[in-house]
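Data first, discussion second: the structure below is written as structure tokens.
Numbering (our numbering), first residue to last: 50 to 296.
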């Protein structure tokens with residue numbers, strides 16, 4: 050349903066934000082051409098990472114050079130050829146990847162309308178721990194595990210859970226009426242993309258109706274809680290910072 054003129058579901062707060070698709074504005078981003086590119090979360094919002102939605106148009110390309118930025122990505126729809134360093138693979142809807150800092154990477158020959166969400170972050174090395182390697186995989190090949198023992202709320206861990214990685218990429222899926230088991234408050238910054246369904250997301254003292262296509266930013270220590278509504282399962286893609294010292 051379209052909002053009335055002058056209204057939006059988007060809410061921008063000091064420590065959290067809900068960004069609805071009705072307010073998307075395209076940006077020009079170096080290295081990304083032939084696309085509708087939406088910068089959804091960035092340092093300008095107060096975040097320490099960037100979340101970018103790329104929708105491929107005719108001859109669209111993403112070609113980013115090696116630098117100190119690492120990228121995790123998820124193909125929401127469509128597909129294309131992904132190259133990370135010397136590795137090349139055809140990706141389809143549900144594919145995900147991780148391009149380490151210090152390696153160039155690209156997406157080319159994408160199907161028209163392909164939607165890819167990217168999470169960019171400056172890599173934080175950890176003394177005595179090797180840097181992470183590139184990852185290309187399919188979410189369909191990963192089994193969702195019950196979250197804290199609840200079979201109606203499942204979690205897919207997409208990237209390796211080890212100290213080399215300073216970011217995590219997961220998919221949460223909730224059956225109707227399933228919830229987070231408690232109001233979570235923690236030091237990890239998060240970015241979410243609603244992949245399907247609908248629900249209510251509590252962020253600090255605010256409650257927001259959320260649906261497919263919505264994006265949420267949460268600063269560290271932002272209390273959060275979710276309940277799935279409607280008749281179909283709700284799922285979201287979640288980025289979060291992990292595995293680094295508090296000081």
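All C-beta atoms in this analysis are idealised placements derived from N, C-alpha and C, irrespective of residue type, glycine included.
Exercise for review: Going by DSSP, name the residue or residues bridged to residue 216.
Suggested key: Answer is 290, bridged to residue 216.
**Study point:** Beta-ladder partner(s) of residue 243, from DSSP
**Key:** Under DSSP, the beta-bridge partners assigned to residue 243 are 285.
Check your understanding: In the DSSP assignment, what residue or residues form a beta bridge with residue 92?
Key -> In the DSSP output, where bridge partners are listed per residue, residue 92 has none listed.
Point to revise | Environment of residue 116 [buried if 16+ CB atoms lie within 10 Å] | key: By the beta-carbon neighbour count (other beta carbons within 10 angstroms, threshold 16), residue 116 is exposed.
Review point. What are the start and end residues of the beta strand (DSSP E) that includes residue 279?
Key: For residue 279, there is no enclosing beta strand (DSSP E), as DSSP gives it neither H nor E.
Check your understanding: Is the beta carbon of residue 12 less than 8 Å from the beta carbon of residue 193?
Key -> A query on residue 12 cannot be resolved here, the shown segment of the chain reaching from 50 to 296 and no further.
Review point. Where in the segment 174 to 220 do unbroken runs of the beta strand (DSSP E), each at least 3 residues long, occur, reported from the N-terminal end onward?
Key: Those beta strand (DSSP E) runs which fall completely within the segment 174 to 220 and span 3+ residues are 184 to 187, 194 to 196, 199 to 206.
Check your understanding: Is the segment 204 to 217 touching the segment 272 to 280, taking contact as three or more C-beta pairs under 8 Å?
Key -> The segment 272 to 280 and the segment 204 to 217 do not touch, with fewer than three beta-carbon pairs separated by less than 8 Å.
**Study point:** 7 Å Cβ shell around residue 141 - same chain, five flanking residues per side excluded
**Key:** Sequence-distant partners of residue 141 (beyond 5 residues in either direction) whose C-beta falls short of 7 Å from its own C-beta, in its chain, are 124, 128.
**Study point:** For residue 267: DSSP bridge partner residues
**Key:** DSSP links residue 267 through a beta bridge to 65, 239.
Check your understanding: Using CA coordinates, which residue listed in 84, 89, 122 is at the minimum distance from residue 36?
Key -> For residue 36 there is no data in the structure shown, the boundaries of the chain being 50 and 296.
Practice item. Check the DSSP bridge columns for residue 118 and list the partner residues they point to. Key: The secondary-structure analysis by DSSP pairs residue 118 across a beta bridge with 171.
Exercise for review: Spatial neighbours of residue 247 within its chain, please: CB distance less than 8 Å, with the 5 preceding and 5 following residues excluded, ordered by chain position.
Suggested key: Once the five neighbours on either side are set aside, the close Cβ partners of residue 247 are 258, 259, 260, 261, 277, 278, 279, 283.
**Study point:** Local Cβ density within 10 Å of residue 170, reported as buried at 16 or more and exposed below that
**Key:** So residue 170 ends up on the buried side.
**Study point:** CA nearest to the CA of residue 137, picked from 151, 126, 155, 121
**Key:** It is 155.
Exercise for review: Just mark residue 55 as buried or exposed, buried being the case when its beta carbon has 16 or more other beta carbons within 10 Å.
Suggested key: Looking at its Cβ environment, which holds fewer than 16 other Cβ atoms inside 10 Å, residue 55 is exposed.
Check your understanding: Cβ of residue 183 versus every heavy atom of the ligand NAD: is any distance shorter than 7 Å?
Key -> No copy of the ligand NAD occurs in the structure displayed, which carries no ligand at all.
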